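Engineer: Sending over a structure as structure tokens; questions will come in a sec.
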Amino acid sequence: MGTSRQVKARFDTRLPLEQKQLFERAAILGGYRNLTDFIIVTVQSKAKEIIEEKERIIASQKDKEIFFDSLLNPPKPNNDLRSAREEYDKLISR
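The sequence shown finishes on residue 95 if you use this note's numbering, and the numbering steps up by one all the way, no holes.
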């Protein structure tokens, strides 16, 4: 039975000592095994949140464009709609 191997990538960064100490303290208080776990979990969570929010905004903007385009440039009525309108007018004018 084959196992899938996850490709690993490295991420290095330099930051001020005070910032590292802050992160380490948060990792300890948060119950994380180490600073790396804290950073990975926290950043991954924030990344997903940002992506979901932006994708929602993009979808919302596309929906707005479609909606307003249909209001500003409505399609011409087809035969069924014209027939329905005529029947409605007959019912109302009685």
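Positions of the beta carbon are idealized from the N, C-alpha and C atoms, including for glycine. Here the structure is a predicted model, which is why all the values come from computation and not from measurement.
Less than 8 angstroms separating the beta-carbons of F39 and F24?
Structural biologist: Taking the first residue of the sequence shown as position 1, residue 39 is located at position 38. Taking the first residue of the sequence shown as position 1, residue 24 is located at position 23. Contact: yes.
Engineer: Could you give the distance in angstroms between the alpha-carbon of Q45 and the alpha-carbon of I59?
Structural biologist: Indexing the sequence shown from 1 puts residue 45 at position 44. Indexing the sequence shown from 1 puts residue 59 at position 58. Between Q45 and I59, the C-alpha separation is close to 21 angstroms.
Engineer: Out of L36, R86, T14, which one is the CA nearest neighbour of Q22?
Structural biologist: Counting from one through the sequence shown, the residue named residue 22 turns up at place 21. Among L36, R86, T14, the Cα nearest to that of Q22 belongs to L36.
Engineer: Cα separation between D70 and K63?
Structural biologist: Working through the sequence shown from its first residue, we reach residue 70 at position 69. Working through the sequence shown from its first residue, we reach residue 63 at position 62. Cα-Cα distance, rounded: 10 angstroms.
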